[in-house]
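Engineer: Residue numbers (the numbering used here): 72 to 173.
Ideal Cβ placement from N, Cα and C applies to all residues, glycine included.
Attaching a single structure in structure tokens format; questions to follow.
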Amino acid sequence: MNMPVHVTILSRKDCHLCDVMFRITLHLQAELNITTTKVDIEGDCALTERYGSRVPVVLIDEVEHCSGKVTEGELRRAIKKARWRRPISRILSRLGYGPKRG
């Protein structure tokens, strides 16, 4: 079984887009086997300095993938792409056990 992909939403207090992005990730949790965390950057000086008002920022397995207004489809593709980049996924694909495309 695949290990879940971890999605982190970097957000700020009272950020409508951040709340929407978090709800989208919660909706995708069961379907795509992901875990979700929401982090308020205002509690961390380094994160606030790095991201400022550029929220929401989506990290997938601790790697930044997108920010701002992101659709469910875009997030879904980013998660699948991140999972595909894992070494075991490439090995299984070469053995004929990879995901079906289409």
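Going straight from the alpha carbon of His98 to that of Arg147, what length do you get?
Structural biologist: Cα to Cα, His98 sits roughly 11 Å from Arg147.
Engineer: In three-state DSSP terms, what is Thr142?
Structural biologist: Thr142: coil per DSSP, three-state reduction.
Engineer: When we look at the beta-carbon of Thr79 and count the other beta-carbons within 10 Å, is it buried (16 or more) or exposed?
Structural biologist: When all chains shown are included, Thr79 counts as buried.
Engineer: Between Asp111 and Ser82, how many whole angstroms is the CB-CB distance? I'm expecting something under 8 Å.
Structural biologist: Confirmed, Cβ separation roughly 6 Å.
Engineer: Quick check on the DSSP output: the alpha helix (DSSP H) that includes Ile112 runs from which residue to which?
Structural biologist: Element bounds for Ile112: n/a, residue is neither H nor E.
Engineer: Helix, strand or coil: how does DSSP classify Val91 here?
Structural biologist: Correct three-state label for Val91: helix.
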